[in-house]
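Numbers given in my numbering equal positions in the sequence shown, counted from 1, plus 112.
Note that the Cβ used here is the ideal one computed from N, Cα and C, for glycine as well.
To start, the structure itself, in structure tokens.
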Amino acid sequence: MLLPKPLFICLCICIITINVRAQSILNKPITVTIKQEKLSQALNIISKQGNFFFSYLSSILPQDSVVGITAKNIPVKQILEQLLGSDYVFKESGNYIVILRKSIGQNYYLVTGIVKDRSTGTRLANVSVYERQQLISTITNNEGYFRLRLKDKYPAAAISVSRDLYADTSLLLPAGKDQELELTIAPVTYQLKVVDVTGKHNLEKNWFAKVFISSRQKLTTLNIGGFLTDKPYQLSLTPGLGTHGKMSGQVVNKFSFNMIGGYAAGVDGVEVGTLFNMVKNDVKDVQVSGFINVVGGKVNGVQVGGFHNNVGDSLTGVQVAGFSDIIRGSMKGVQVTGVASTIYGNTNGVQLSGAFGIVKGSVNGMQVAGVFTTGPVDVSGAQVSGAFNLAKGNILGAQVSGAVNIADGNVSGTQISGLANIGKNNVNGAQIGLYNFAHRLKGVQIGIFNIADTSEGISLGLLSIVRKGYKKVDLFSTDILPFNIAWKSGNRTAYSILTGGINTKSQPLISAGYGIGNELLLKNQWTLNTELIYNTLFQVGSKSPAHLISLRPSFRWQWSKKLGLFAGPAFILSLPADESNWQYKSGYPNIRLGDKVSSWFGWQAGITLF
């Protein structure tokens, strides 16, 4: 039956939206004998025999040509191919067969069919059916039906059928003509998958990937995850809408340009995305996006994200992001971030962040952050931050912060802070800050308050306390003041001294001072103590205080564990501010060292407690 052209066009459009029925007209076997009939009449005979109708444009068929055919239980499609040749395609719509001429220069053909379980005969849903050369794929529906539209550009089609828990099946089909298949696949014994304990992050688990990777793409990865291929380029608008279609997750590209975003198995060259790039496995060389890069495997090269980068394994090279970076494996290179950087593995290189730098493995290099850095294992290099540094392992290098440095392990190097340095184990180096703490000091502490559990080093500060170290209280007299007290703490090598004194004259003198000392053990409970002390003296009636620097050696005899006696000379330098109101004791040698500096030899004697 010949339809008017407008009705024919509408019928062709309807074909696109109607599924092929399970019982296809084209596959219906008929018996027919045609001898020397015009083509138009032959088609009428076939349609009556098969109880269906033909629809076609009269201009595409040589209706007056004489044909003949004899067929017994032959599918309608084969009969039509014998009559018309390979220049036509046949579509079904309801009870019609539509005859179309193939497009010149771009021919397509259909491979359709169903997939069944070989053991039970049950139709299988969610089976991946794909052509390996053209990277065209589909997934069977709930009835096990599939449809592939392939280009007629290869001599054969390499069709593969895969589903999780089933053995893969492959077959070669001749190209250039529509084919309907019934395929069976065999179940395999289920084996538990190897549990990944390396820390590699599965891309599909990433929150961003969950939004943009469709369920069909995830199912394709599950079914044919073992199939990967290389292609020279990829152009895509969004994941699944590009040159590789839904097979993009199985392709490693040399060059990839994603107008909005793209999805690939890997990159071995350059990938550029206006908004985002998602790569299931590894990236080599260059990856750049305007917003976010998400990589499930390793990155070896340069990765630049306008907002965020997320690498599921290790990175070797350079990573730059405007807001945050995450590397779930180790890093060897440089990581630069506007706000926050996180590395789950070891770091060998430099981590720079505007606010927070976090490394959950060891650091061999440098961490620099505007607010704080933290490393739970060893740091070999430097941690530098505006406020806070934390190393839960050993420090071999330096910690520099505006406020607080903390090292849970040993410190072999330097801690410098504006407020506090804390070394919870051995400190073999220097601590410089207002407050310094070391469990065991083998270096130098410089600060206002220095505390250590044990000390083999030097603590310089207003108050230095060693819990298991040198602690003494001296009550003594000098040539200047009869009543003095001093607190001494640290170790024998170097201890700090806080001292004060007073006299009882009508114009009393009050003294306050700080110094350092050393104790040398002699024999038979004798020691030699050498001390350098700075004192400020306030005299009633004087306009300003005087300043004394004294070197005080003394011999000490420890009479018992908590009581000792000492005495010795003193050499004193004096800088009196108001000499007219300042009188020195007469009888002591006095050496003038200029208009404002005097010196003399004096004495000291007293008792030691503790």
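In this structure, DSSP gives Lys366 an extended state, which the three-state scheme calls strand. By the C-beta criterion, the segment 596–603 is judged to be in contact with the segment 552–572, since at least 3 inter-stretch pairs fall below 8 Å. Counting along the chain, Asn156 sits inside no beta strand (DSSP E); it lies in the alpha helix (DSSP H) bounded by residues Leu151 to Gly162. For Ser348, same chain residues with a beta-carbon under 6 Å away, outside a window of 5 residues either side, are Gly354, Asn370 and Gly374 in chain order. Under the three-state reduction of DSSP, Arg213 is assigned to strand.
Here the C-alpha atom of Pro174 lies approximately 17 Å from the C-alpha atom of Lys147.
The beta carbon of Val512 sits closer than 6 Å to the beta carbons of Val496 and Ile528 from its chain, once the five residues preceding and following it are set aside; these are given in chain order. Secondary structure note for Val188: its alpha helix (DSSP H) is the uninterrupted segment Val188 to Leu196. Residue state for Thr332 is assigned as helix, using DSSP reduced to three classes. Sequence-distant partners of Val398 (beyond 5 residues in either direction) whose C-beta falls short of 6 Å from its own C-beta, in its chain, are Val382, Gly413 and Val414. DSSP links Trp715 through a beta bridge to Pro681.
Per the coordinates, the alpha-carbon of Ile172 lies some 42 Å from the alpha-carbon of Phe339. For Ala321, the enclosing alpha helix (DSSP H) stretches over residues Trp319 to Phe324. If you draw a straight line from the Cα of Thr145 to the Cα of Ser205, it comes to about 26 Å. For Tyr242, the uninterrupted beta strand (DSSP E) segment begins and ends at Ser240 to Glu243. Lys472 is not bridged by DSSP to any residue. Beta-bridge annotation (DSSP): Tyr607 is paired with Gly602 and Gly629. Here Ala510 is not near Ala499, since their CB atoms are 7 Å or more apart. Residue environment for Arg704: exposed (fewer than 16 other C-beta atoms within 10 angstroms of its C-beta). Note: Trp638 is bridge-paired with Trp669 in the DSSP secondary-structure output. With a cutoff of 7 Å on beta-carbon distance, Gly469 and Thr459 are scored as not near each other. Only residues of its own chain outside the window of five on either side were considered, and among them Val379, Val407 and Val411 have a CB closer than 6 Å to the CB of Val395, listed in chain order.
DSSP lists Tyr278 as the beta-bridge partner residues of Pro299. Per the C-alpha coordinates, the member of Gln463, Phe419 and Ser589 positioned closest to Thr428 is Gln463.
In the structure shown, Ile172 adopts helical secondary structure according to DSSP, grouped into three states.
The Cβ atoms of Gln431 and Asp425 lie no closer than 7 Å to each other. Thr449 has its alpha-carbon roughly 54 Å from the corresponding atom of Thr234.
Secondary structure of Ser442 (DSSP, three-state): coil. When DSSP states are grouped into helix, strand and coil, Leu546 belongs to the coil group.
Contact between Ala679 and Gly714 does not hold, since their C-beta atoms are separated by about 12 Å, which reaches or exceeds 8 Å. Remark: C-beta atoms of Leu546 and Leu531 approach each other more closely than 7 Å. If you draw a straight line from the Cα of His356 to the Cα of Val364, it is about 11 Å long. By alpha-carbon distance to Asn641, the top candidate from Arg244, Lys189 and Ser608 is Ser608.
Per DSSP, the unbroken beta strand (DSSP E) holding Ser249 starts and ends at Ile248 to Ile251. Here the C-alpha atom of Val483 lies approximately 22 Å from the C-alpha atom of Gly521. When the Cα atoms are used, Gly409 and Ala433 turn out to be separated by approximately 18 Å.
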